[in-house]
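Residue numbers for the sequence shown follow this note's numbering, so the first one is 56 and each next one is one higher. We put the beta carbon where it would ideally sit given N, CA and C, even for glycine.
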Amino acid sequence: MTRNFPSDEAALGEVYLEFQAFGSQVRVTAMDASTGIEVFVVGPLNAAKSDLQKLAVRKLKRRLERENASPAGKGRGILA
């Protein structure tokens, strides 16, 4: 599924979403089309699809912000 998001999530551009059910849980993977960065969230199978989708997209947005803010070549981790 490819999705373009309105409002504050518009800066993300094109996002690919994948839903995978495992028993009583579902794994939602969100991937930014331009960078290839992906994140995933896991939730209950009976949760609203839109809620899990929003959560995955917010997590991707946060990850992209963190990637852009970190100095290049400094390795992993977050400066506190």
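query: So residue 81 and residue 107 are in contact, right, with Cβ under 8 Å, and what is the actual spacing, rounded?; result: 7 Å
query: Report the three-state DSSP secondary structure of residue 76 (helix, strand or coil).; result: strand
query: What do you reckon, are the CB atoms on residue 97 and residue 85 nearer than 8 Å?; result: no
query: Who does residue 120 pair with in a DSSP beta bridge?; result: According to DSSP, which records beta bridges pairwise, residue 120 is partnered with nothing at all.
query: Using 8 Å as the threshold, is the C-beta distance between residue 83 and residue 111 below it?; result: yes
query: Buried or exposed: residue 104, going by 16 or more other Cβ atoms within 10 Å of its Cβ?; result: exposed
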